[in-house]
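Under the working numbering, the letters of the sequence shown match residues 8 to 265, in that order.
Beta carbons: idealized from backbone N, C-alpha and C, even for Gly.
Remember, predicted model here, so these are calculated numbers, not experimental data.
Structure first, then comments.
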Amino acid sequence: MSTSDSDDTDRLEQYIRNEKGDLPSSESMIAFANWLYANEYFETNDRVVPTSTLKDTLGDRLEYGVDTVLDHLEEIDVVAEVSRGSGQLILHERKNKGFFDPSNRDMIPLLEEELSRFLEDLQEQESQILESEDASDDETPSVADGGEPETNTEEAQAEDIDEAEANDEEDTDDVPTTLREIAAAALDVDVPIEDALTNPTDHIERIERFDDVVSAIIESDEVSRRREYEPMGWRNTANKWVLTKTAKARRENESLSS
8 MSTSDSDDTD
18 RLEQYIRNEK
28 GDLPSSESMI
38 AFANWLYANE
48 YFETNDRVVP
58 TSTLKDTLGD
68 RLEYGVDTVL
78 DHLEEIDVVA
88 EVSRGSGQLI
98 LHERKNKGFF
108 DPSNRDMIPL
118 LEEELSRFLE
128 DLQEQESQIL
138 ESEDASDDET
148 PSVADGGEPE
158 TNTEEAQAED
168 IDEAEANDEE
178 DTDDVPTTLR
188 EIAAAALDVD
198 VPIEDALTNP
208 TDHIERIERF
218 DDVVSAIIES
228 DEVSRRREYE
238 PMGWRNTANK
248 WVLTKTAKAR
258 RENESLSS
């Protein structure tokens, strides 16, 4: 992996060379730290990156393993494993934005944006279903419009088909097949989905409800999302990483004085 974006005045690179330059993995450490910096995974802005993401993204680009690089960089305070308070944070997955303080109201606009995207998807998919049903009704000709009357044989076949379909429906009655049905099953409430997601005054309750709905949609084989929205809710903070304040300051050649 190239480190060409780092010049001779980069004090973070020099610091890593001074502390770990005797190790064969030092170049991988420098590349790794530069990647965290370029993607703004900083201790100062609550952006965190899971180990799994690091391995998926950098595993094939580093000469040495991600775990090895993390261990060495943590020893010299270049990276830090994030685990604050109860070990949980509220994560906005689409933007990978974490909130460690549940009273932080900066998360509310992000929640409202995700809710809006989901509700737009819900309305659009329901409109398309209605349009499809209307089109199907329009395409069925009546006898008065020139359609052929059914014979006794056709009627019997139709009855057999209806009976078979009825049996199939009995088997699948409990399986939600639309966004609304899946959301209703996930929330188990007696009010419209729109109200259940938007009415609670407690933003944490709204986040938890939204998280349940979107997670259920993702897990379902019956529906798909046609808008871009992702779960948002409580996540464990273990094995998530950031570039430390001092490492960021070195990368930007800033003073390390407090």
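Terminal residues of the continuous beta strand (DSSP E) containing residue i?
i    : result
F106 : 104–106
N46  : Segment: none, N46 is in no beta strand (DSSP E) and carries neither H nor E.
N243 : 239–243
On the premise that residue j lies in contact with residue i, defined as a C-beta separation below 8 angstroms, what is that separation, rounded to the nearest angstrom?
i    : j    : result
R213 : D128 : Rounded, the Cβ-Cβ distance is 17 angstroms, inconsistent with contact.
N243 : Q95  : 6 angstroms
F217 : E81  : Not confirmed; about 34 angstroms, so no contact.
How about residue i and residue j: do their beta carbons lie closer than 8 angstroms?
i    : j    : result
H210 : I83  : no
V73  : T251 : no
P109 : K247 : no
R54  : N103 : yes
P199 : S222 : no
A193 : V230 : no
N326 : R18  : Residue 326 lies beyond the residue range present for the chain, which begins at 8 and ends at 265; the question has no answer from this structure.
F39  : V249 : no
V76  : M36  : yes
K255 : Y44  : yes
L30  : H99  : no
Which stretch, first to last residue, makes up the alpha helix (DSSP H) that contains residue i?
i    : result
V249 : Note, V249: premise wrong, no alpha helix (DSSP H); beta strand (DSSP E) at 247–250.
N25  : 18–27
R216 : 210–226
R187 : 186–194
T51  : Run containing T51: none; DSSP gives neither H nor E here.
E201 : 200–205
Measuring CA to CA, which of the options is closest to residue i?
i    : options          : result
A190 : P207, I224, T205 : I224
S33  : Q132, N41, I23   : I23
E119 : L204, E81, F49   : L204
R234 : V196, Q130, V249 : Q130
E201 : L137, H99, R187  : R187
W241 : E215, A142, E226 : E215
L126 : Y236, H79, N46   : Y236
R258 : N52, N41, D29    : N41
V182 : E226, D141, N52  : E226
T185 : L137, D197, D141 : L137
T51  : F106, E20, G28   : F106
L117 : I97, Q135, S134  : I97
Compare the C-beta of residue i against all C-beta atoms of chain B and say whether one is closer than 8 angstroms.
i    : result
E188 : Among the protein chains of the structure shown there is no chain B, as only one such chain exists.
Any heavy atom of the ligand HEM closer than 7 angstroms to the CB of residue i?
i    : result
V182 : For the structure depicted, the ligand HEM is absent and the ligand set is empty, with no information on it obtainable.
4 or more residues per run - each alpha helix (DSSP H) lying fully within the region 54–97: 58–65, 73–82
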